[in-house]
Amino acid sequence: MTIDLSQIKENSMVRYGFKILLMREFDIHIKENDYNRLIAAAGCIEIYDSMEEFLEKSGWKRDNPELGEKSYLLDNHICRYIQGKVWYFSRLRYENQA
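Per my numbering, residue 2 is the first one in the sequence shown, and the count goes up by one each step.
Right, dumping it as structure tokens:
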């Protein structure tokens, strides 16, 4: 299943797929009927072409030099390889929206 986040507001199947993706890949649990939280979570996703691009553009390695290893980022569900890209979910941004 391909997830197109541009359709998340209009398409309930995309929202459902995104809910499952959040749960499986980032250990984020949102109820199916919590539309606003799903939309907020979609705004916390950043998609990069590579792990190197993520580290460079996000400033992660600069801000967290001891936590910048690829294995750490993947093992702790900070970054995930999805659809051939590196997806980053900003938990800090998500929690600040609550």
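We treat Cβ as the ideally placed atom computed from N, Cα and C, and that holds for glycine.
For the beta strand (DSSP E) holding Ile48, just list the boundary residues, first then last. In the DSSP assignment, Ile48 falls within the unbroken beta strand (DSSP E) covering 46-49.
Considering Cα atoms alone, identify which of Asn37, Val87, Leu74, Lys62 is closest to Gln98. Closest option to Gln98, Cα to Cα, is Asn37.
Bridge partners for Tyr89 per DSSP, in chain order? Glu47, Cys80.
If we count Cβ pairs, one from each stretch, closer than 8 Å, do we get three or more for the region 49-57 versus the region 13-23? No, the region 49-57 is not in contact with the region 13-23.
Put Asp64 into one of helix, strand or coil per three-state DSSP. In the three-state DSSP reduction, Asp64 falls in the helix class (H, G or I).
Under 8 Å between the Cβ atoms of Phe19 and Ile29? Phe19 places its beta carbon 8 Å or farther from that of Ile29.
Buried versus exposed, by CB contacts within 10 Å (16 or more), Tyr73: Counting Cβ neighbours within 10 Å, Tyr73 comes out exposed, since fewer than 16 surround it.
Locate the alpha helix (DSSP H) running through Ile21, then write down its first and last residues. Counting along the chain, the alpha helix (DSSP H) containing Ile21 begins and ends at 13-27.
Take Lys71 and list the residues in its own chain whose beta-carbon comes closer than 7 Å to its own, dropping the five residues that flank it on each side. Cβ within range, chain order: Met52.
How would you call Tyr82, buried or exposed, if buried means at least 16 neighbouring beta carbons within 10 angstroms? Exposed, because fewer than 16 other Cβ atoms sit within 10 Å of the Cβ of Tyr82.
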